[in-house]
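If you want the working numbering, it's the 1-based position in the sequence shown plus 96. Just so you know, even glycine gets a beta-carbon here, dropped at the ideal spot from N, CA and C.
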Amino acid sequence: MEEKVCIKIAEIDAEELYFRQQESDKIKALHQRAQEAADEAYRERHRDHCFRCGTKSLVQVEYENVIIDICANKDCGAMHLDPGELEAILDQHDKVKKVHRAILAVFR
97 MEEKVCIKIA EIDAEELYFR QQESDKIKAL HQRAQEAADE AYRERHRDHC FRCGTKSLVQ
157 VEYENVIIDI CANKDCGAMH LDPGELEAIL DQHDKVKKVH RAILAVFR
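Dropping the structure here:
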């Protein structure tokens, strides 16, 4: 048995379309702000938590003019590097190696 479906297409005037778009934009902005607030709350709740063991035991240690976060949990000891910190450490290490080679070259 075949069932017939009737679809009525309503015409939307420009003003109605404008207000629908405005409402849609407001809802999207509210969702965006809610997501940003949730992300910030998550970051605050997990600040100073070790990604490896989950304890709130990160301490900051300065190494070669770079601040490194290290887990103080005796069973963990994970090191946390922020973006760019590994490159900064390696760059300073390369400079020390060059100076070391130059000093050794004097005695050869």
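| Query | Result |
| --- | --- |
| To the nearest angstrom, report how far apart C149 and I163 are at their CA atoms. | 20 Å |
| Nearest to F147 by alpha carbon, out of D109, K122, Y114 and H176? | H176 |
| Where in the segment 150 to 180 do unbroken runs of the beta strand (DSSP E), each at least 3 residues long, occur, reported from the N-terminal end onward? | 154 to 159 and 162 to 167 |
| With the cut-off set at 8 Å, would you say L154 and D171 are in Cβ contact? | no |
| Reducing DSSP to helix, strand and coil, say where D187 ends up. | helix |
| Assign C167 to one of two classes, buried (16 or more other C-beta atoms within 10 Å of its C-beta) or exposed (fewer than that). | buried |
| In whole angstroms, what separates the C-alpha of R129 from that of E136? | 11 Å |
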